[in-house]
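Protein chains: 2
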Amino acid sequence: MKCLLNESTEERIKAAAAKIFMEKGFDGTTTRDIAKEAGLNSALMNYYFRSKEKLFAGVFDEMCELFFHGLTEILSQPLSFKEKILALIDHDFKIFRENPALSNFILNELHRNPERLIDIAKKASSIRSTVLEKQFNDAVASGEIRNIDIKHILLLIPANIQFIFISKPLTMKIHNMCESDFELFLDEHIKVVKEMVANYLFLK
Amino acid sequence: MKCLLNESTEERIKAAAAKIFMEKGFDGTTTRDIAKEAGLNSALMNYYFRSKEKLFAGVFDEMCELFFHGLTEILSQPLSFKEKILALIDHDFKIFRENPALSNFILNELHRNPERLIDIAKKASSIRSTVLEKQFNDAVASGEIRNIDIKHILLLIPANIQFIFISKPLTMKIHNMCESDFELFLDEHIKVVKEMVANYLFLK
DNA sequence: AATAAATTTAATCAGATGATTAAATTTATT
DNA sequence: AATAAATTTAATCATCTGATTAAATTTATT
Chain R
1 MKCLLNESTE
11 ERIKAAAAKI
21 FMEKGFDGTT
31 TRDIAKEAGL
41 NSALMNYYFR
51 SKEKLFAGVF
61 DEMCELFFHG
71 LTEILSQPLS
81 FKEKILALID
91 HDFKIFRENP
101 ALSNFILNEL
111 HRNPERLIDI
121 AKKASSIRST
131 VLEKQFNDAV
141 ASGEIRNIDI
151 KHILLLIPAN
161 IQFIFISKPL
171 TMKIHNMCES
181 DFELFLDEHI
191 KVVKEMVANY
201 LFLK
Chain D
205 MKCLLNESTE
215 ERIKAAAAKI
225 FMEKGFDGTT
235 TRDIAKEAGL
245 NSALMNYYFR
255 SKEKLFAGVF
265 DEMCELFFHG
275 LTEILSQPLS
285 FKEKILALID
295 HDFKIFRENP
305 ALSNFILNEL
315 HRNPERLIDI
325 AKKASSIRST
335 VLEKQFNDAV
345 ASGEIRNIDI
355 KHILLLIPAN
365 IQFIFISKPL
375 TMKIHNMCES
385 DFELFLDEHI
395 KVVKEMVANY
405 LFLK
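The structure is reproduced here in structure tokens:
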């Protein structure tokens, strides 16, 4: 019986699982939660995915692709280093804005379960690109970019993009923001971030 | 029977709970985990704290005090706005460095359980201080501080201090850092952060 | 020293959880 | 149309979990 909505059962389970795992984390999510969200019977988790853990691993893998998408797509493009940074900021800000729980989900899971790091390094391989490193060094040598270790840059960018989403509940509460206030704040904040980063990193 | 170490049973349970909750979160922690860590019998959770939830609430409350300590202690001191920012950076960096899992713990819990925000606003009350706001406005008017909404500053500072700890597992993996490499990186990074923030915020 | 109160222990409970099972149903193949 | 294969369902299982219970032990009080 193919489902009512022309979506396969497997896909329905995965979509429901992604939603609930993102909200409640692995431990806080029961197979019955997922089944309810999908409108299916909980035995199907095991029929299609063998275990809750394997279902989670699949969801986590896909979310990591999304998390690192900016790095993999932007940093390998034929752009100057400066252009890459600005493009990365725009790209990542868009991704995280569309998936506000993503960062918290991935980073918390890495605290909870460091073994998942084993597979994750591959996805972040573009960070370790020697091409990028050489490009960076040339930009420093030409006086275009501030002379700091590239590792700091690769931390400053996600810090200033992701933290606002990680701290969203807190920020909204402290400043009494409704959802639309927060959206306006996001628009402003990304401008501040770009200005600050440019001001510090780009010397000419 | 007072325990071997001259610490009360209640304190031993709380300390063990804080440790395990910080590692595994609420859902991932069992009362038996805590009992084992404390070297006690799990029925004592209920004897002393009535429930796992109440034990957690006590631990969470204390961790929030620590999380907001910089804000409550530094922002109310008789310092210029600029001095406050620099003092806050140093203070917070020290707190989070000593408690690297703190930020992830608090912020993830607020995602998982937004009801905890009800009590949290009180602890962050110094953020909403009219004294601070006036001081900030004066500093802007005198051309000392960049003219942006203070909310952005109150986000940039924790972003650049806390994110490095939230993303610690990932950063260490990506850059193949051992613990001492990471400590060195921290020393460098805080310098970069201070320089970037000063460069952007402080106009004279 | 005897008694009361507090604390601790070990066993047990009721409900929840991931997983399994077997039957029912649907889809695919002959 | 009959049969086989795949999918779904509902019940059940074994284990775990927070909580309770009653007995044992320790500490405090008289």
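As they're listed, the protein sequences go chains R and D.
Under the working numbering, the first sequence has 160 at position 160, and the numbering climbs by one with no breaks.
Under the working numbering, the second sequence has 280 at position 76, and the numbering climbs by one with no breaks.
Note that the Cβ used here is the ideal one computed from N, Cα and C, for glycine as well.
Any C-beta of chain R under 9 Å from that of residue i
| i | result |
| --- | --- |
| D:Gly-232 | yes |
| D:Gly-229 | yes |
| D:Ser-384 | no |
| D:Ala-305 | yes |
| D:Asn-351 | no |
| D:Glu-348 | no |
| D:Ala-328 | yes |
| D:Arg-236 | no |
| D:Thr-375 | yes |
| D:Phe-367 | yes |
| D:Lys-355 | yes |
| D:Leu-244 | no |
| D:Phe-340 | no |
| D:Val-396 | yes |
| D:Phe-389 | yes |
Residue i versus residue j - alpha carbon distance
| i | j | result |
| --- | --- | --- |
| D:Ser-333 | D:Lys-355 | 12 Å |
| D:Thr-276 | R:Asp-187 | 29 Å |
| D:Lys-206 | D:Ser-212 | Model confidence at D:Lys-206 stands at a pLDDT of 40, short of 50, so the residue's coordinates are unreliable; what they give is reported in the following sentence. Cα to Cα, the separation comes out at about 6 Å. |
| D:Ile-368 | D:Lys-286 | 23 Å |
| R:Val-140 | D:Pro-304 | 32 Å |
| R:Val-193 | R:Glu-10 | 40 Å |
| D:Lys-288 | R:Ile-153 | 25 Å |
| D:His-295 | D:Ser-330 | 16 Å |
| D:Cys-268 | D:Lys-240 | 25 Å |
| R:Leu-40 | R:Arg-50 | 16 Å |
| R:Asp-27 | D:Ile-238 | 17 Å |
| R:Lys-14 | R:Phe-93 | 25 Å |
| R:Arg-97 | D:Arg-216 | 42 Å |
| D:Asp-353 | R:Gln-162 | 19 Å |
| D:Ala-247 | D:Gly-229 | 20 Å |
| R:Glu-23 | R:Gly-143 | 45 Å |
| D:Leu-405 | D:Cys-382 | 34 Å |
| D:Phe-386 | D:His-393 | 10 Å |
| R:Ala-38 | R:Lys-19 | 10 Å |
| D:Lys-395 | D:Leu-388 | 11 Å |
| D:Asn-317 | R:Asn-113 | 20 Å |
| R:Gln-77 | R:Val-131 | 11 Å |
| D:Leu-208 | D:Ser-384 | The predicted position of D:Leu-208 is uncertain, since its pLDDT is 43 and thus under 50; no value can be drawn from it. |
Residue nearest to residue i in terms of C-alpha spacing, selected from the options
| i | options | result |
| --- | --- | --- |
| D:Glu-337 | D:Lys-327, D:Asn-351, D:Tyr-251, D:Cys-268 | D:Asn-351 |
| D:Tyr-251 | D:Val-263, D:Phe-264, D:Ile-322, D:Thr-235 | D:Thr-235 |
| R:Phe-56 | R:Gln-77, R:Ala-16, R:Ile-95 | R:Ala-16 |
| R:Lys-135 | R:Lys-94, R:Leu-79, R:Asn-199 | Here the sequence assigns Gln to residue 135 of chain R, which means Lys is not the residue at that position. The residue with the shortest Cα to Cα distance from R:Gln-135 is R:Leu-79. |
| R:Phe-21 | R:Lys-54, R:Leu-44, R:Val-59, R:Lys-36 | R:Val-59 |
| R:Asp-61 | R:Arg-116, R:Glu-183, R:Gly-25, R:Glu-23 | R:Arg-116 |
| R:Ala-198 | R:Phe-93, R:Ala-124, R:Leu-86, R:Arg-97 | R:Leu-86 |
| R:Lys-168 | R:Met-45, R:Asn-104, R:Ala-38 | R:Asn-104 |
| D:Leu-407 | D:Ala-242, D:Ile-349, D:Met-400 | D:Ile-349 |
| R:Asn-206 | D:Ala-222, D:Ala-328, D:Lys-256, D:Lys-258 | Beyond the ends of chain R as shown, which are 1 and 204, falls residue 206 of chain R; an answer cannot be given. |
| D:Glu-257 | D:Phe-271, D:Ser-384, D:Thr-233 | D:Thr-233 |
| D:Glu-313 | D:Met-249, D:Asn-341, D:Phe-271 | D:Phe-271 |
Cβ separation of residue i and residue j, assumed to be a contact under 8 Å, to the nearest whole Å
| i | j | result |
| --- | --- | --- |
| R:Leu-170 | D:Leu-311 | 7 Å |
| D:Leu-428 | D:Leu-279 | Missing from the structure shown is residue 428 of chain D; chain D here goes from 205 to 408 and no further. |
| D:Ile-299 | D:His-273 | 6 Å |
| R:Ala-121 | D:Lys-377 | 6 Å |
| D:Glu-370 | R:Ile-166 | Just to set this straight, residue 370 of chain D is Ile in the shown sequence, not Glu. At roughly 7 Å, the Cβ-Cβ gap stays under 8 Å, so D:Ile-370 and R:Ile-166 are in contact. |
| D:Met-400 | R:Met-196 | 7 Å |
is_contact[residue i, chain D] using C-beta, thresh 9 Å
| i | result |
| --- | --- |
| R:Arg-112 | yes |
| R:Leu-5 | Since pLDDT at R:Leu-5 reaches only 48, below the 50 mark, its modelled position is unreliable, and no value is offered. |
| R:Glu-53 | no |
| R:Asn-160 | yes |
| R:Phe-96 | no |
| R:Ile-166 | yes |
| R:Ala-208 | Residue 208 of chain R is absent from the model: chain R starts at 1 and stops at 204. |
| R:Ile-20 | no |
| R:Met-1 | Low confidence applies to R:Met-1: its pLDDT is 39, below 50, so where it sits in the model is not reliable enough to give any reading. |
| R:Met-196 | yes |
| R:Phe-202 | no |
| R:Leu-154 | yes |
| R:Glu-188 | yes |
query: Looking at chain D, which residues of the region 58–90 of chain R have a Cβ within less than 8 Å of any of its Cβ atoms?
result: none
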